[in-house]
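Note sheet for the following structure.
Numbering (our numbering), first residue to last: 7 to 235.
Written out as structure tokens, the structure reads:
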């Protein structure tokens with residue numbers, strides 16, 4: 007009786023981890039679709055402009071592919087739950103491991119972006135319209151990118167003249183700080199998803215071991231029944 011209860015707990019743990027796994031896949035695909043739709047919109051505030059610049063550097067295609075793998079893996083896990091054998095479960099476990107590695111790679115990619123944010127955003131700043139630069143200067147209270155002359159600031163209420171602009175900081179520091187905090191939150195969430203993947207991998211291993219034990223006892227019972235016959 008205790009063995010049966012333990013088996014049920016292991017299966018229940020696996021099912022809960024599997025549901026969390028596919029929920030994270032839904033979050034990932036939802037995020038990728040939403041970001042893909044808004045990243046090229048005309049911003050109305052400096053924060054929106056900065057956010058869109060960051061979104062344009064995100065590996066959204068990789069995120070969509072990873073989410074598709076997550077859903078495919080979840081689909082494979084359904085027969086693994088229903089059929090009390092180990093074949094489907096092993097395939098599902100391999101797929102979960104692949105998804106975990108994929109998610110970690112995307113997270114590491116975003117982390118690497120934070121190491122070169124200042125240089126990357128400098129290139130993006132140079133190709134923005136004066137309206138976008140105006141929004142950024144106003145929101146982050148700065149003039150120009152590195153300073154008011156490199157590149158030259160856009161004349162607006164924050165930077166009304168060269169003399170006033172020279173007294174203001176460049177936008178590189180506040181933009182970089184904003185970008186790093188924003189990206190940190192994203193890749194931390196991705197590493198959290200990897201944590202859920204690891205829980206599912208451990209639950210898969212436990213369920214595989216339990217089913218192997220059940221198969222062994224079943225074979226023993228079959229042999230015993232044959233001999234008694």
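Note that CB positions come from ideal geometry on N, CA and C, so glycine has one too.
Output the distance between the C-alpha atoms of residue i and residue j, rounded to the nearest integer angstrom.
i           : j           : result
residue 112 : residue 31  : 14 Å
residue 69  : residue 81  : 19 Å
residue 25  : residue 216 : 20 Å
residue 147 : residue 183 : 13 Å
residue 142 : residue 117 : 23 Å
residue 204 : residue 103 : 8 Å
residue 60  : residue 174 : 24 Å
residue 162 : residue 152 : 17 Å
residue 168 : residue 130 : 23 Å
residue 132 : residue 200 : 36 Å
residue 156 : residue 188 : 25 Å
residue 29  : residue 71  : 15 Å
residue 47  : residue 202 : 33 Å
residue 67  : residue 17  : 34 Å
Take the Cβ of residue i as the centre, count every other Cβ of all protein chains shown within 10 Å, and call the residue buried at 16 or more, exposed below.
i           : result
residue 106 : buried
residue 190 : exposed
residue 83  : buried
residue 164 : buried
Rounded to the nearest angstrom, how far is the Cβ of residue i from that of residue j, given a contact under 8 Å?
i           : j           : result
residue 214 : residue 23  : With a Cβ gap of about 14 Å, residue 214 and residue 23 do not count as contacting.
residue 79  : residue 110 : Between residue 110 and residue 79 the Cβ distance is about 15 Å, and since that is not below 8 Å, they are no contact.
residue 58  : residue 49  : 6 Å
residue 15  : residue 92  : Not quite, the Cβ-Cβ distance comes to about 18 Å (not below 8 Å), so this is no contact.
Determine whether the beta carbon atoms of residue i and residue j lie at a separation below 8 Å.
i           : j           : result
residue 194 : residue 52  : no
residue 40  : residue 73  : no
residue 75  : residue 27  : no
residue 89  : residue 21  : no
residue 178 : residue 154 : no
residue 238 : residue 158 : Given that the chain is displayed from residue 7 to residue 235, the structure contains no residue 238 and the question cannot be resolved.
residue 176 : residue 150 : yes
residue 239 : residue 119 : Beyond the ends of the chain as shown, which are 7 and 235, falls residue 239; an answer cannot be given.
residue 115 : residue 65  : yes
Indicate whether at least one CB of chain B lies closer than 8 Å to the CB of residue i.
i           : result
residue 162 : The displayed structure is made up of one protein chain only, and chain B is not part of it.
Taking 8 Å as the limit between beta carbons, can you name the residues of its chain near residue i, skipping five residues before and five after?
i          : result
residue 37 : 69
residue 99 : 207, 210, 211, 214
With a threshold of 7 Å on Cβ separation, who are the neighbours of residue i within its own chain once the five nearest residues in sequence on each side are excluded?
i           : result
residue 160 : 136, 139, 140, 143
residue 180 : 146, 148
residue 123 : 182, 185, 186
Cutting at 6 Å between CB atoms, please list the residues of its own chain near residue i, excluding the five before and the five after it.
i           : result
residue 19  : 209
residue 127 : 181
residue 96  : none
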